[in-house]
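Okay, so the sequence shown: first residue is 0 according to numbering that gives the first Met the number 0, each after it adds one. Think of the CB as a built atom: it goes at the ideal place given N, C-alpha and C, for glycine as much as any other residue.
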Amino acid sequence: MPAIGKKITDFSRPATGDKTIKLKDLAGSKVVLYFYPKDSTPGCTTEGQDFRDAKEAFSKQNTVILGVSRDSIKRHENFKAKQSFNFDLLSDEDESLCKQFDVIKLKKLYGKEYMGIERSTFLIDENRVLIKEWRGVKVKGHVDDVLTACKQSS
Numbered sequence: 000m001p002a003i004g005k006k007i008t009d010f011s012r013p014a015t016g017d018k019t020i021k022l023k024d025l026a027g028s029k030v031v032l033y034f035y036p037k038d039s040t041p042g043c044t045t046e047g048q049d050f051r052d053a054k055e056a057f058s059k060q061n062t063v064i065l066g067v068s069r070d071s072i073k074r075h076e077n078f079k080a081k082q083s084f085n086f087d088l089l090s091d092e093d094e095s096l097c098k099q100f101d102v103i104k105l106k107k108l109y110g111k112e113y114m115g116i117e118r119s120t121f122l123i124d125e126n127r128v129l130i131k132e133w134r135g136v137k138v139k140g141h142v143d144d145v146l147t148a149c150k151q152s153s
């Protein structure tokens, strides 16, 4: 699990737009890596829309936004198109990135327990060092908190 102030191990994941995104290729930019449970669900849609609407403000802070879930690229492409997301979504079907960031947790829904993604966001600086993390995220106001942290890290 990454620790604040430590360098993030490079990763490579398939992404929307027929891309493969590698962390090392984003050197020189800050990265917001946000993990969410599932495409096209209410909270995940709202969170994505909030990041979409704030993208210009993040760009002014030299920050790239990347969303991550276990959904397939096909599902991601549909979700991105339907919501007009202006950032890429990474597919982590094998959960390797989720495990790297320790976001797979025991969850409960309607009395049933299952392993799923705990909504979490990580802010990585231009040198691939983790500078802030949010775990167990509540969607309302979260993107504003992340943007504030980006501004403070400049």
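Alpha carbon of residue i to alpha carbon of residue j, nearest angstrom
i	j	result
glycine 47	phenylalanine 84	7 Å
lysine 104	glutamate 112	10 Å
asparagine 61	serine 152	11 Å
lysine 54	leucine 88	14 Å
leucine 146	arginine 51	12 Å
aspartate 144	glycine 110	32 Å
lysine 150	proline 41	28 Å
isoleucine 123	leucine 108	31 Å
methionine 114	lysine 106	6 Å
aspartate 17	lysine 5	30 Å
alanine 148	proline 1	18 Å
cysteine 43	lysine 37	7 Å
leucine 96	glutamate 76	19 Å
phenylalanine 100	proline 13	17 Å
aspartate 49	valine 63	14 Å
Presumed contact (8 Å Cβ cut-off) between residue i and residue j, rounded CB distance
i	j	result
arginine 69	glutamate 94	6 Å
threonine 45	valine 138	5 Å
threonine 15	lysine 79	5 Å
Within 8 Å, strictly: CB atoms of residue i and residue j
i	j	result
leucine 129	isoleucine 20	no
isoleucine 3	lysine 98	no
arginine 134	alanine 26	no
aspartate 9	lysine 29	no
serine 58	isoleucine 72	no
Endpoints, beta strand (DSSP E) assigned at residue i
i	result
valine 31	29 to 34
alanine 26	Element bounds for alanine 26: n/a, residue is neither H nor E.
threonine 120	119 to 123
glycine 115	111 to 116
aspartate 87	87 to 90
lysine 106	103 to 108
Host alpha helix (DSSP H) of residue i (start-end)
i	result
glutamate 46	41 to 52
serine 95	95 to 99
isoleucine 72	72 to 82
valine 145	141 to 151
Can we say the segment 20 to 36 touches the segment 109 to 124, given the rule of at least three CB pairs closer than 8 Å? Yes, they touch.
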